[in-house]
Amino acid sequence: MAYESPDFFALDELLTEEERMVRDSVRDWVEERVLPDISDHYLAGTFPMELIAEMAELGLLGAGIDGYDCPGLGPVAYGLILQELERGDSGIRSFVSVQGSLVMWPIHAFGSEEQKQRWLPAMHRGEAIGCFGLTEPDHGSDPGGMETKAKKTDNGYVLNGAKMWITNGSMSDVALVWAKLDGRVHGFLVEKGTPGFTQQQMKHKYSLRASDTSELILQDVEVPADAIFPGVSGLKGPLNCLTQARSGIAWGAAGAAMACYDEARRYVAERVQFGRPLAGRQLVQAKLAEMLSEITKMQLMNLRLGRLKEAGKMTPQQVSMAKRNACWHALQIARTCRDMLGANGITGEYQVMRHMCNLESVITYEGTHDIHTLILGHKITGVEAFR
Ligand code: TGC
Ligand code: FAD
20 MAYESPDFFA LDELLTEEER MVRDSVRDWV EERVLPDISD HYLAGTFPME
70 LIAEMAELGL LGAGIDGYDC PGLGPVAYGL ILQELERGDS GIRSFVSVQG
120 SLVMWPIHAF GSEEQKQRWL PAMHRGEAIG CFGLTEPDHG SDPGGMETKA
170 KKTDNGYVLN GAKMWITNGS MSDVALVWAK LDGRVHGFLV EKGTPGFTQQ
220 QMKHKYSLRA SDTSELILQD VEVPADAIFP GVSGLKGPLN CLTQARSGIA
270 WGAAGAAMAC YDEARRYVAE RVQFGRPLAG RQLVQAKLAE MLSEITKMQL
320 MNLRLGRLKE AGKMTPQQVS MAKRNACWHA LQIARTCRDM LGANGITGEY
370 QVMRHMCNLE SVITYEGTHD IHTLILGHKI TGVEAFR
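The sequence shown begins at 20 in the numbering used here and counts up one residue at a time.
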């Protein structure tokens, strides 16, 4: 039985022809190029580097950026790309999210013309890879407390500090490092090989194994005066980038949930216990009904979020709700599907356990479940409960 993408509310009809075409081409590519090898990469703890050029060829890197050789796709088409990529693996979607939403987007929004010319076309072609360094060993949910510092010198700036859990970190040609200059947060582009700059992969992960997660260490790193973003200062710089990326994660998590649901649906149709297929059991049907309902709600929320973004009306709090909801339910769905596959569910022959483990990271990064709860709580009550 081939993959049947759940679309219970016929949302396909609400997509444009271009959006459907983009989605279908990524779906086919994931089927042919990601799914056959991803389990081996996951077990080996390697990112499939061989896919970068193919993703670039498909136009997936910085697909939402307008100009600088990028295609300028709308938010729904971009979201559908991420949905399909995460149906393959969260690590593949993470790679594309970081490259497009967390590095290319801020260069486009806050960078100088020289920075845009230098990086955007090369990053779109996959010839340069970027990473986003916000989190530090002692400052995750509270990035405003960051200790990485920049100091003005005669020739530029000198950076000191450490960033942790950085996706694409060791493979990156350029790191967007957020650091405090005179107490205020600024973005700096730090190139691979700059003396004092170390990019070190983190090992022993049980989640997002097919993804490069690294530590960035900055010891008296001298960068030129034109390495700083001229267009933004303050925490709103990185938080604006996160609004972009979090909306994509809502789509991605839905894709992982769709993969798990479809695998479990097919499995119970064929798995016979007590003389007939599991699909005919009420308890199994209840699980399928519950999961399909949650997937449909995610899809509806994502599509509406995309249309609001298109119209310039999307708010960060709407993004928080969509990210929080999709990650939470995708994780519950992955756990349920793992159970429905019995012992087979723990093997690399099936996808559910890999998605389940990945989603433990997806629910944590880009703002944990509880941070998004507090963002919504703040919006609802007007009272901030972080501090
Ligand atoms: P707060 O005082 O609320 O805000 C500071 C300034 O930022 C503005 N702002 C936002 N702007 C745009 N989008 C948002 N979502 C924004 N949220 C706040 C705000 O208006 C203010 O502007 P201004 O002009 O007044 O200065 O800041 P706070 O220190 O109280 O923190 C708020 C909080 C906790 C919500 C925030 O720090 C937060 O979101 N924490 C979570 C950290 C996080 O998400 N880290 C993610 C790291 S990157 C990552 O995980 C990548 S994984 C990628 C992958 O592999 O796919
Ligand atoms: P903490 O902030 O220490 O939180 C621990 C727990 O405390 C959580 O449950 C949290 O919800 C809770 N908590 C925190 N504050 C409060 C509060 N005020 N009230 C109640 N509960 C609270 N970061 C980057 O900058 N770039 C990347 O590319 C990147 N990629 C990542 C990839 C992976 C695989 C992972 C796992 C993480 C990545 N991160 C990245 C880091 C990620 O954004 C952080 O892990 C996340 O923001 C949470 O920070 P923390 O891990 O320090 O947890």
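From the three backbone atoms N, C-alpha and C, an ideal C-beta is built for every residue, glycine too. Keep in mind that this is a model prediction, so the values were computed, not measured.
| message | Pairs of beta-carbons, one from the region 161-169 and one from the region 353-372, closer than 8 Å: are there three or more? | response | no
| Between which two residues does the alpha helix (DSSP H) carrying Ser-116 extend? | 109-116
| field | Minimum C-alpha distance to Arg-52 - residue among Ile-111, Pro-90, Thr-65 | value | Ile-111
| field | Of the residues Ala-308, Gln-292, Leu-395, Ala-278, the one placed nearest Arg-373, counting alpha carbons only | value | Ala-278
| query | Cβ of Lys-224 within 8 Å of any heavy atom in the ligand FAD? | reply | yes
| task | Go through its chain and collect everything with a Cβ distance to Lys-398's Cβ below 6 Å, but skip five positions before and after it. | result | Gln-336
| message | Using the Cβ count rule (16 or more neighbours within 10 Å means buried), how would you classify Asp-281? | response | buried
| query | Can you pull the DSSP bridge partners for Tyr-176? | reply | Lys-171, Val-242
| message | Within the continuous alpha helix (DSSP H) that includes Glu-210, where are the two ends? | response | Run containing Glu-210: none in the alpha helix (DSSP H); it sits in the beta strand (DSSP E), 203-210.
| task | Please classify Thr-60: does DSSP put it in a helix, a strand, or coil? | result | The sequence given here places His at residue 60; Thr does not occur at that position. DSSP places His-60 in helix when its eight states are reduced to three.
| request: Would you decide whether His-223 is buried or exposed? Buried here means 16 or more other CB atoms lie within 10 Å of its CB. | output: exposed
| field | Residues near Phe-28 by beta carbon distance below 8 Å, same chain, minus five either side | value | Thr-315, Gln-318, Leu-319
| query | Where does Phe-129 sit, in a helix, a strand or coil, going by DSSP? | reply | helix
| request: With a threshold of 8 Å, establish whether the CB of Glu-329 neighbours any heavy atom of the ligand FAD. | output: no
| Over what stretch of residues does the alpha helix (DSSP H) that includes Thr-400 continue unbroken? | 388-400
| Cβ shell of Ala-349 (< 6 Å), same chain only, five flanking positions each side left out | Ala-272, Ala-275, Ala-276, Leu-378
| request: Output the boundary residues of the alpha helix (DSSP H) element that contains Gly-325. | output: 301-329
| Endpoints, beta strand (DSSP E) assigned at Gly-149 | 149-152
| task | Taking Val-45 as the reference, give the member of Met-142, Glu-103, Val-242 with the closest Cα. | result | Glu-103
| query | Exposed or buried, which one is Asn-13 when buried takes at least 16 other CB atoms within 10 Å? | reply | Here the chain comprises residues numbered 20 to 406, so residue 13 is not present and cannot be evaluated.
| Secondary structure of Thr-65, DSSP reduced to three states | coil
| query | Is the number of C-beta pairs between the region 233-249 and the region 188-205 that are closer than 8 Å three or more? | reply | yes
| Residue burial classification, Pro-55 (beta-carbon count within 10 angstroms, cutoff 16) | exposed
| task | Between the Cα of Ser-312 and those of Gln-351, Lys-211, Gly-267, spot the shortest distance and give me the residue it belongs to. | result | Gln-351
| request: Leaving out five residues on either side along the sequence, give the residues of the same chain with a beta carbon under 6 Å from the beta carbon of Tyr-176. | output: Ala-169, Val-242
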